Each structure stands twice: as C-alpha cells, then as structure tokens.
Amino acid sequence: MPVVEQLTGRTVVADGKERLYFSGTSYLGMNVNRELAALIQEGGKRYGTTYSSSRNSNLKLAVYDEAEILLAAQAGAGAALTFSSGYLAGQALIRTLDQGQRFIHAPDAHPALWRNASDANHTDFDSWVNSLQEIIADAEGEVVIVVNSVDPLKARKYNFDWAGRLPTDRHITLVVDDSHLLGLSGESGAGTFPEIARQVKQHVELVVVASMGKALGIAGGVVLGTESRIASLRKSPYFIAGSPAPPAYMYAFVHAQELFEQARMQLKYNVQHFQELIKHHQLFDYFDTYPVFYTKEHGLYYALEEEVIISCFPYPDPESMPITRVIINSLHTSDDLEVLAEMIEKYKVGEKVARKV
-10 MPVVEQLTGR
0 TVVADGKERL
10 YFSGTSYLGM
20 NVNRELAALI
30 QEGGKRYGTT
40 YSSSRNSNLK
50 LAVYDEAEIL
60 LAAQAGAGAA
70 LTFSSGYLAG
80 QALIRTLDQG
90 QRFIHAPDAH
100 PALWRNASDA
110 NHTDFDSWVN
120 SLQEIIADAE
130 GEVVIVVNSV
140 DPLKARKYNF
150 DWAGRLPTDR
160 HITLVVDDSH
170 LLGLSGESGA
180 GTFPEIARQV
190 KQHVELVVVA
200 SMGKALGIAG
210 GVVLGTESRI
220 ASLRKSPYFI
230 AGSPAPPAYM
240 YAFVHAQELF
250 EQARMQLKYN
260 VQHFQELIKH
270 HQLFDYFDTY
280 PVFYTKEHGL
290 YYALEEEVII
300 SCFPYPDPES
310 MPITRVIINS
320 LHTSDDLEVL
330 AEMIEKYKVG
340 EKVARKV
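Here's what the structure looks like:
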C-alpha cells in the first residue's frame, strides 16, 4: 500500500513518486480548490476556525441560518440542520427517531445510520426491495426505513419507485443517505431529495441525511426534512451537546455556489469523455454521469499501481473481496483520462502496462 506524501487532487506523491490519482470522494476537487480555500480563510477571519459553543447558546451566528436556508431551498425541503459531520448528523437523526418503531435497514446502509451493529445488512438490494412489503406487514406500528440513494461502491443508482408503493396503513419515515449525490446531482447540486419527494405518498415522511465533505468539500453534515422534524432534531441533546460545523466552512459553502457549478460542469465533461474512451469494452459498471466506475477485475489495481492509483480495498470487512473502482474528479485533464484509458486497454489485451513519458 503506497504511503501518500502529497495529494493534489489529480495526482499523488507516494513513496517518492508522482502518480495519477483516480480515487477518493472529492468528486468536484474541492479539497484542493484554491478559491474555496480562500473563502474558508475569509470565513475564518470573520468567525474563527471553530465555534467553541453550543448552537443553543445565547450567542447566535447568522452564517448557520444562511447555510441551512440555502440547503433547504436547493433541495425543496421544509428545513435543514447542519452538524459537524455527516456521521454526527446521521447518529443524531437515528437516535432522535428511535422511539420504539420498527427499523428496517437496507443493504449496506452506512454505520452512521445504525443504532447498533445488528442493523448491518449486507444482503442483495433487489431481494430486499422485493421483500419489503412483507417485512412491513409483519411489523407492528410505525416503521423507519433507512436506505442509501446510491451504491457508491458498485456504481449503482437505486430506483425509488418502490417508495411510492409503501403500505398506507401506518406512518412510515423514509431516511435516505445522500452523501454521495449531495452537491453532485440535481439542479444546483440538490441531490436526490426533490426526486424522491415526488414519488412518496403523504403518509411517508422523507428525511435526507448527508455528509457535506464529499462533492462539496465542506466539513459538516446536514439533515433535510419537514420543519417539524428539524425543529424536533434541534431540541435534541445530540444537537445541543455537539460541536457545530466550523463556521468558516458554512461561510464558504454559502459563497461558493458558482465554484460548485463550474466544477459540476467540468466533471460532467470528464465523465462523458472517459465513457467515450472505454465504450468498446465491458470492463466497468457505471451510470449516467456519476464519476465512479466499478470493476470486478481486481487485478487492474495491481497492473496500474506503479503509475496510477485507483480505489481498491476489501469491503465490508478486512476479509471480504476487494472493491475496485476508477473514480473521476473535476480536476482530471483530458490527457489524464486518455493515459488511463490506454493503460486499461493494455491491461485488457494482456500487455505490460507502462505510462508514456
């Protein structure tokens, strides 16, 4: 495993050697975006690097309201509430929701949305959907369904048609983890909230939780939902006792909307260009313009690793088979993508992979 000494977004310096980098979840390249960094610095001058107090203290920072109003408006949600991380946002939501309902976790729901390890589910997603009506029928009282909006490991976007067919004999809360699409898909990077909201019926309460640290490069997490749900969450000890997201990052988020849009456009171009380069073979699974390309050819990682780093690690536990992916970001150049495609083609035909100098 290479030891990284420097990460620029499109390349890494590992073990003293610069290599192309096609991994990580900074899809828009915001982790190294200088303009975003300047906005964070500007926000730091206004508010400090952290806010060492509760959001419920007698001192209110307007920047949190500004960020949350913007997040809710973009998604079309009733309200939004930010946290210091997506993990805390998820745990605060689940702990607040847990009032004796039947929880039904979809396959590979993130641990941030578990109550405990028994909520882990690594079964087949389609089989789970097909059995969902029966699972709900066997439950008593209200139900909470927890599911991802996308499988970021195997590059599959989930169809939520089933959400419009949920039983109407009880209240159902649908919790969707949108960490890998918030900031990336939808109008203004709204993610999947608007799409799913159009499909669910009135008896289903939609709540979306997400990390803001992936596409957006913002240190924080968010919960999107009805005004009453967010008001309840705001009163919870998990919100009151937790440190808030750094205000400098919330300031940067509010003022970086044009940066995000430019990066989304560049990423779309990059993904479409790479899709065109690899269209003649069936090595990868991918969809639309999502920047993740999954392959069962785990040997590809080892064939490329001297020149190119792609994503490859065992999941869901250290003994599992590795998940191997190529992940494109907005910082990659056309030359980067063409070099990678040429190496992949050589791997396909069994030639030794070597990067042109």
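The opening position of the sequence shown corresponds to residue -10 in my numbering, with each subsequent residue numbered one higher. Glycine is no exception: its CB is placed at the ideal position from the N, C-alpha and C atoms. Keep in mind the model is a prediction, meaning the values are calculated, not measured.
| Asked | Found |
| --- | --- |
| Length at least 3, wholly inside the stretch 80 to 130: the beta strand (DSSP E) runs in chain order | 91 to 94 |
| Uninterrupted alpha helix (DSSP H) stretches inside the stretch 185 to 272 (no shorter than 4 residues) | 216 to 223, 226 to 229, 236 to 244, 246 to 267 |
| Beta-carbon spacing of V52, P307 below 7 angstroms | no |
| Where V346 falls, given that 16 or more other Cβ within 10 Å makes a residue buried | Because V346 sits at a pLDDT of 36, beneath the cut-off of 50, its placement in the model cannot be relied upon, and the following sentence gives the value as read from the coordinates. So V346 counts as exposed. |
| Coil, strand or helix - E296 by DSSP | coil |
| Residue from R314, Y36, R91, V135 whose Cα sits closest to the Cα of H99 | V135 |
| Residue(s) in a DSSP beta bridge with F11 | I299 |
| Cut-off 8 angstroms between Cβ atoms - residues of its own chain near K337, not counting five sequence neighbours on either side | H270, L272 |
| Exposed unless 16 or more other CB atoms sit within 10 angstroms - verdict on Q246 | exposed |
| Closest by C-alpha distance to V243, when choosing among G339, G214, I207, L222 | I207 |
| Under 7 angstroms between C-beta atoms of P280 and V260 | yes |
| Residue closest to Y36, alpha-carbon to alpha-carbon, out of R253, A109, I229, K49 | K49 |
| Neighbourhood of D324 by C-beta, 8 angstroms cutoff - its chain only, sequence neighbours within 5 removed | none |
| Beta-carbon proximity of Q251 to A179, cut-off 7 angstroms | no |
| Burial state of Q352, where buried means 16 or more other Cβ atoms lie within 10 Å | Since the first residue shown for the chain is -10 and the last is 346, residue 352 is missing from the structure and cannot be characterised. |
| Distance CB(S120)-CB(S168) smaller than 7 angstroms | no |
| contact_flag[the stretch 218 to 231, the stretch 65 to 84] where n(CB pairs < 8 angstroms) is 3 or more | yes |
| Assumed close pair G13, L320 - CB separation to whole angstroms, cut-off 8 angstroms | At roughly 11 angstroms, the Cβ-Cβ gap does not stay under 8 angstroms, so G13 and L320 are not in contact. |
| Cβ-heavy atom distance, Q271 to the ligand HEM, below 6 angstroms | Summarising the ligand content, the structure contains no ligands, and the ligand HEM is consequently not present. |
| Where A68 falls: helix, strand or coil (DSSP) | strand |
| Proximal residues to Y290 (C-beta, below 6 angstroms), its chain only, five neighbours per side dropped | I299, C301, T313 |
| Alpha helix (DSSP H) segment containing D166, residue limits | Note, D166: premise wrong, no alpha helix (DSSP H); beta strand (DSSP E) at 161 to 166. |
| Option nearest P305 by Cα separation, candidates S41, L142, H94 | L142 |
| Integer Cβ distance of L266 from T162, believed to fall under 8 angstroms | The pair is not a contact, with the Cβ atoms about 43 angstroms apart (cut-off 8 angstroms). |
| Presumed contact (8 angstroms Cβ cut-off) between N318 and G(-2), rounded CB distance | 7 angstroms |
| Cβ-based burial, S217 [other Cβ within 10 Å; buried from 16] | exposed |
| Local Cβ density within 10 Å of V212, reported as buried at 16 or more and exposed below that | buried |
| Straight-line Cα distance separating K146 from V118 | 14 angstroms |
| Own chain, CB closer than 8 angstroms to L82, minus 5 neighbours either side, in chain order | L102, V164, V196, V198, V212, L222 |
| Segment limits, beta strand (DSSP E) that includes Y283 | 281 to 284 |
| Exposure of E57, with buried meaning 16 or more beta-carbon neighbours within 10 Å | buried |
| For R35, the three-state DSSP class (helix, strand or coil) | helix |
| Rounded straight-line distance, which links the Cα of L329 to that of L(-4) | 18 angstroms |
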